[in-house]
Amino acid sequence: DSVRAIHVVAGARAAGWTITPRQVLTRQTLGELAAAAEPANTASTAGSGDTYPLTPLQNGMVFHALFEPESTDYIVQFVFAIDGDLDVAALRGAWEHVVERHPMLRTTFAWDDLPEPAQTVHPHAPVELRELDWRDTPLAEVPDRITAHLAAERARGVDLERTPPRRFSTSISPDGGSA
107 DSVRAIHVVA
117 GARAAGWTIT
127 PRQVLTRQTL
137 GELAAAAEPA
147 NTASTAGSGD
157 TYPLTPLQNG
167 MVFHALFEPE
177 STDYIVQFVF
187 AIDGDLDVAA
197 LRGAWEHVVE
207 RHPMLRTTFA
217 WDDLPEPAQT
227 VHPHAPVELR
237 ELDWRDTPLA
247 EVPDRITAHL
257 AAERARGVDL
267 ERTPPRRFST
277 SISPDGGSA
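Throughout the sequence shown, residue numbering follows the numbering used here, covering 107 to 285 in sequence.
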């Protein structure tokens, strides 16, 4: 049962151990599950905010993120080409405005020591806008650099407990365009 697996995972984390719901559901004995457990990362989630129960869709997404942490099923990436000069400060300011206006973009998720997983809407959440300068890269190699960057971002995954699940990057190419 997926909800019970999340509770087992939360209990293990509260005791200082990391296991995944997949391990809970696939290990046949407690001994096998204990052998798969690893010491938990003790870093804590920073910030405060209002806490709410998860919607059924969010509950399912959190379950899948815990069950298969390496999955990229819920990672969505967009690439836009911009001709001409990009005002990075204006882009950052626009995203900060969007994040400030929409609570879901300031939300983290928690399940440790809780009877049910919950979401916390933080009053503020900084916008991470990574600037990639590829002006010294041959123009023909830029598409491969973009593809590699997107793959690296997918592989990096998201930490639902510590940061809202969103990131932004911009790149400058040799022809002066931006993506």
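Think of the CB as a built atom: it goes at the ideal place given N, C-alpha and C, for glycine as much as any other residue.
Cβ distance (whole Å) where T226 is taken to contact T126 below 8 Å: So it is not a contact: roughly 22 Å between Cβ atoms.
Contact the stretch 208-215 vs the stretch 176-195: 3+ CB pairs below 8 Å: no
Separation of E267 from L131, as counted between CA atoms: 22 Å
Range of the contiguous beta strand (DSSP E) that encloses L238: 235-239
Length of the line joining the Cα atoms of A258 and E237: 15 Å
F274 and E234 closer than 9 Å at C-beta: yes
Between the CA atoms of S284 and I188 - distance to the nearest angstrom: 5 Å
Contacting residues, own chain, Cβ-Cβ under 6 Å from A118 (five flanking each side not counted): I125
Backbone secondary structure at A121 - three-state DSSP: coil
Range of the contiguous alpha helix (DSSP H) that encloses D250: 248-262
Integer Cβ distance of D281 from L245, believed to fall under 8 Å: 6 Å
Bridge-paired residues (DSSP) for V227: D156, T213
Distance between beta carbons of L172 and V114, contact taken as under 8 Å: With 8 Å as the limit, V114 and L172 do not qualify as a contact, their Cβ atoms being about 10 Å apart.
DSSP state of T291 mapped onto helix, strand, coil: The requested residue 291 is not part of the displayed model; the chain covers only 107 to 285.
Under the three-state DSSP convention, the category I181 falls into: coil
For A195, the first and last residue of its enclosing alpha helix (DSSP H): 194-207
DSSP state of E144 mapped onto helix, strand, coil: strand
C-beta atoms of T340 and A231 nearer than 9 Å: The shown model of the chain, from 107 to 285, leaves out residue 340, and the question about it has no answer.
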